[in-house]
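Student:
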Amino acid sequence: MSGALLLGWRNIWRNRRRTFISMSAIGVGLLLVIFYSGLVGGLLGEAKSQLDDGGMGHVEVFARGFRGKHDVAAVMRDVAAWRAGLALPARSEVGARVLARGLATSARGNEAVQVFGVDWADEATLSAHLRQLRLGALPGSDDVHGVLVGEQLAERLGLKVGSKVRLMVQRADAEMGADLFRVRGVFHSIAPTIGQRQVYVSSAAAQELLGVPGAAHQLVIQLEDPAQADAVAASLKARLGDDYEVLTWAELLPVLKRMDAMMNGVIFGLATFVYLLVGLGVLNTMLMSVLERTREFGVLMALGTRPSRVMQVVLAESFWIATLSVVLGASLGALLSWQFSKTGFQLGTGGESMQLEGATLSTLVKTRFNPTDVFRAAGFVYAMALIVGLYPASRITRLQPAEALRRS
Amino acid sequence: MAVVEVENVTRVYEEKGQAPSPALRGVSLLVEKGEFMALAGPSGSGKTTLLNLIGGLDAVTSGEVRIDGRALGKLSRPDLADLRRDRIGFVFQAYNLVPVLTAAENAAYVLELKGVPAGERRAKVKAVFERLGLGAFLDTRPMKMSGGQQQRVAVARAIVSEPAVVLADEPTANLDQATGAALMDLMRELNRERGITFIFSTHDPMVLSRADRVVRLVDGLVVAT
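Chains as they are written, first to last, in the working numbering: chain V, 3 to 410; chain D, -18 to 206.
#1: The stretch 307 to 325 of chain V: which residues have C-beta closer than 8 Å to a C-beta of chain D, in chain order?
#2: Mind reading off the beta-carbon distance from Ala332/V to Val390/V? Whole number of angstroms is fine, and I expect it under 8 Å.
#3: Mind checking if Ala231/V is an interface residue toward chain D, Cβ cutoff 9 Å exclusive?
#4: Within the same chain, show all residues whose beta-carbon is closer than 7 Å to that of Glu16/D, passing over the 5 residues directly before and after it, in chain order.
#5: To the nearest whole angstrom, what separates the beta carbons of Thr21/V and Ile28/V, a pair I think is in contact under 8 Å?
#6: Using a Cβ-Cβ cutoff of 9 Å, what residues of the stretch 290 to 306 of chain V are near chain D? List them in chain order.
#7: For Arg295/V, which three-state DSSP category applies?
#8: State the Cα-Cα distance for the pair Arg133/V and Ala126/V, rounded to the nearest angstrom.
#9: Met(-18)/D by DSSP, collapsed to three states: which one?
#10: For the beta strand (DSSP E) containing Phe114/V, list its first residue and its last residue.
#11: Taking the alpha helix (DSSP H) that Ser207/D falls in, what are its first and last residues?
#12: Just mark Arg370/V as buried or exposed, buried being the case when its beta carbon has 16 or more other beta carbons within 10 Å.
#13: Mapping DSSP to helix, strand and coil, what is Gln200/V?
#14: For Gly57/V, collect the residues of the same chain with a Cβ closer than 6 Å to its Cβ; drop the 5 residues on either side in sequence, then sort them by chain order.
#15: Could you give the residue range of the alpha helix (DSSP H) that holds Gly100/D?
#16: Note down, in chain order, each residue of its chain lying with its Cβ closer than 7 Å to the Cβ of Tyr38/V, except the 5 sequence neighbours on either side.
#17: Under 9 Å between C-beta atoms, does Asn17/V make it to chain D?
#18: Exposed or buried, Leu293/V, counting other C-beta atoms within 10 Å across all chains shown (16 or more means buried)?
#19: Run through DSSP, which three-state label would Tyr246/V get?
#20: Can you give the Cα-Cα distance for Leu221/V and Asp121/V, rounded to whole angstroms?
#21: Does chain D have any CB closer than 9 Å to the CB of Arg397/V?
#22: What first and last residue would you give for the alpha helix (DSSP H) that runs through Phe371/V?
#23: Using a Cβ-Cβ distance cut-off of 9 Å, determine whether Val79/D contacts chain V.
#24: At which residue ranges does the stretch 295 to 353 of chain V contain complete alpha helix (DSSP H) runs of 4 or more residues, listed in the order of the chain?
#25: From Gly97/V to Ala240/V, what distance separates their C-alpha atoms?
#26: Residues of chain D with CB under 7 Å from Leu7/V, in chain order?
#27: Apply the 10 Å Cβ neighbour rule to Phe275/V and answer buried if 16 or more other Cβ atoms are within range, or exposed otherwise.
#28: What does Asn33/D reach in chain V if we use C-beta pairs closer than 7 Å?
#29: Could you work out which residue in Val149/V, Val35/V, Ala86/V and Val203/V is closest to Asn372/V when comparing CA atoms only?
#30: Counting Cβ pairs closer than 8 Å, one from the stretch 0 to 19 of chain D and one from the stretch 316 to 333 of chain V, do we hit at least three?
#31: Can you give the Cα-Cα distance for Asn155/D and Gly129/D, rounded to whole angstroms?
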């Protein structure tokens, strides 16, 4: 260890209580920043993953004219053929859907529903609730009259696995289309509206029901990294042209985008506040520590210590205080963040989900443990500690050695 | 050949809201290599101020101080620090050892500043400690040593880098008579053995009796030499 670092290390233990208090204060601040970053990251990640779980895409493609008017005649033809040629990032999940609004009728009554015509294998990767069937199983690929319904709809219509349900929709030719389906499974979704409104049939059955053979209304793309959404959307727009509408999750759910910006703003504000406190804490400690040893620094200067070396000794003390604080705060913050990334953090007391302007969020938020957050926070603490350490160091080095020696 | 040249030096302290206070008023002095010289005078006569100016710890108001022919007033602060490190040793009244360093580390501090390798530092310090009767205290912290022992460590720190001149500001003031006398004898021996020039301030007759030359100061003026 260099002389300045050794001297700095020993000096910080001259007043153990003061060092522990400073270290604890800075460490707790750091812990808060790391944990809060993880919590907010987790909340946003949860919101974004709920897009997935709710079956939304990070990028969605529609035939122009479908959205807004919900015109079932505005379809994308030959989707299966051209979707294979799309250059999407690796591990992207893609599915085409036929969409319709209609009425589900059972022996008990009627309910307004949204009919999703899907490829079962694709949809199971896109919509988490199709992987969480409470009853039954996914229909087979040749099962054109199988239907999946949510728990809430099943309860209202008195449906069980094997029950018959009649679906009636408006066809693309403006006539009414209807067919009889048999319930193959009942799914659970944390979003009650999904469980109450959505029913899933095979795409072939939906195309037949609507009179749009080989067509789809929506192409859903879920990306491994949602941050790629803008780039992927831009690429698709360039490739598909004006007949298609390509939208990112931020355009589909602007509230989530606003929430993202707001949360990041809150993190920035909190971090700034904490780092300011860190700076003041280190400054206070270093000023007290250094100024009460002015005479000793005078001795060091008398012995031939250059001003730059005196500065190194003082900064070494800042460095060690920052190091100990970072070790304490970052390890506890990382541990806490990691723990809650496993067990989750329950927001509120009622229900397993909450609605936020169209987005369904689980009330069990798992923190996002991101080592980058830890390193960034630690880096700020080091920078702040070294910057504020310059002030007491400069006060000492400005003194003539004789003047420093005169001070008690 | 003069190791230290003090030429018509004045030092006036000026504090805000107070009248200027002259500590030295036109002092001139030559100190030859190998001298064992005392600065005598009552408190406030300017002894410490003169030692500080000779050691480059303070700046003159007017006049000039030269060490080995180099005018201190013309040196930058880093150069002045290097000059102190290489040519001047200090012994302070209150020992002024660094409490977080061991006795050996205190003594080796200047050698470390000079870039002497650790092994060589340790060997040099050990030799000096043996010579000063501190062989058993190499790894002892100052707080666990007596005043006399601490002052001997301070002497070891001052001489281990073999400076041209050692400046000692009332080195025996905090020691009892016997310990103070032993310390002066030790410094005298080092002066004779190694040819190191010693300049010390004191008003202790025992110390003065051991000096080759006594320069008396009164109210910032040399009144006898």
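We put the CB at the ideal spot given by N, CA and C, even for glycine.
Tutor: According to the structure shown:
#1: Of all residues in the stretch 307 to 325 of chain V, Thr307, Arg308, Pro309, Ser310 and Arg311 have a Cβ within less than 8 Å of some Cβ in chain D.
#2: By 1-based counting over the first sequence, the position of residue 332/V is 330. By 1-based counting over the first sequence, the position of residue 390/V is 388. Incorrect: roughly 19 Å between the Cβ atoms, too far for contact.
#3: Locating residue 231/V in the first sequence gives position 229, where the first residue counts as 1. For Ala231/V, the answer is no, since every Cβ of chain D falls outside 9 Å of its Cβ.
#4: Counting from 1 along the second sequence, the entry for residue 16/D is found at position 35. Cβ neighbours of Glu16/D beyond the five flanking positions: Thr178, Asp193 and Arg194.
#5: As a working note, residue 21/V is residue 19 in the first sequence. As a working note, residue 28/V is residue 26 in the first sequence. Incorrect: roughly 11 Å between the Cβ atoms, too far for contact.
#6: Listed by position, the residues of the stretch 290 to 306 of chain V near chain D (Cβ gap below 9 Å) are Arg297, Glu298, Gly300, Val301, Leu302, Met303, Ala304, Leu305 and Gly306.
#7: Sequence index remark: in the first sequence, residue 295/V carries index 293 (1-based). Coil, per DSSP.
#8: Against the first sequence, residue 133/V aligns to sequence position 131. Against the first sequence, residue 126/V aligns to sequence position 124. Taken atom to atom, the span from the alpha-carbon of Arg133/V to that of Ala126/V is near 6 Å.
#9: Indexing the second sequence from 1 puts residue -18/D at position 1. DSSP, read as helix, strand or coil, puts Met(-18)/D in coil.
#10: Locating residue 114/V in the first sequence gives position 112, where the first residue counts as 1. Residue identity differs from the one stated: residue 114/V is Ala in this sequence, not Phe. Run containing Ala114/V: Asn112 to Val120, per the beta strand (DSSP E) assignment.
#11: Because chain D spans -18 through 206 in this model, residue 207/D falls outside it and cannot be assessed.
#12: Taking the first residue of the first sequence as 1, we reach residue 370/V at position 368. Buried: at least 16 other Cβ atoms inside 10 Å.
#13: On the first sequence, residue 200/V is found 198 positions in, with the first residue counted as 1. Residue state, collapsed to three classes: strand.
#14: Working through the first sequence from its first residue, we reach residue 57/V at position 55. The beta carbon of Gly57/V sits closer than 6 Å to those of Leu128 and Ser129, all from its chain and outside the five residues before and after it, given in chain order.
#15: Looking up residue 100/D in the second sequence gives position 119. Ala99 to Arg112 is the span of the alpha helix (DSSP H), which, as asked, contains Gly100/D.
#16: The residue you call residue 38/V lines up with position 36 of the first sequence. Correct list, in chain order: Ile269 and Leu272.
#17: Position 15 of the first sequence, counted from the first residue, corresponds to residue 17/V. For Asn17/V, no CB of chain D lies under 9 Å from its own CB, so it is not counted at the interface with that chain.
#18: Position 291 of the first sequence, counted from the start, is the residue given in the question as residue 293/V. Exposed.
#19: On the first sequence, residue 246/V is found 244 positions in, with the first residue counted as 1. Here Tyr246/V sits in strand by DSSP.
#20: Position 219 of the first sequence, counted from the first residue, corresponds to residue 221/V. Position 119 of the first sequence, counted from the first residue, corresponds to residue 121/V. Taking C-alpha positions only, Leu221/V is separated from Asp121/V by approximately 12 Å.
#21: For this step, residue 397/V is matched to residue 395 along the first sequence. Not one chain D Cβ lies under 9 Å of Arg397/V.
#22: Here residue 371/V is taken as the residue at index 369 of the first sequence, counted from 1. No alpha helix (DSSP H) contains Phe371/V, which DSSP labels as neither H nor E.
#23: Along the second sequence, read from residue 1 onward, the residue named residue 79/D stands at position 98. Closer than 9 Å: yes.
#24: 296 to 304 and 309 to 345
#25: Stepping through the first sequence from its first residue, residue 97/V is reached at position 95. Stepping through the first sequence from its first residue, residue 240/V is reached at position 238. Between Gly97/V and Ala240/V, the C-alpha separation is close to 20 Å.
#26: The count along the first sequence starts at 1 and reaches residue 7/V at position 5. Under the 7 Å cutoff, chain D gives no residues; its nearest Cβ is about 12 Å from Leu7/V.
#27: Counted from its first residue, the first sequence places residue 275/V at position 273. With fewer than 16 other Cβ atoms within 10 Å, it is exposed.
#28: Residue numbering aside, residue 33/D sits at position 52 when the second sequence is read from its first letter. Neighbours of Asn33/D on chain V, chain order: Ala404.
#29: By 1-based counting over the first sequence, the position of residue 372/V is 370. Measuring from the Cα of Asn372/V, the nearest candidate turns out to be Val35/V.
#30: No, the stretch 0 to 19 of chain D does not touch the stretch 316 to 333 of chain V.
#31: Residue mapping note: residue 155/D aligns to position 174 of the second sequence, counting from 1. Residue mapping note: residue 129/D aligns to position 148 of the second sequence, counting from 1. For Asn155/D and Gly129/D, the distance between alpha carbons rounds to 9 Å.
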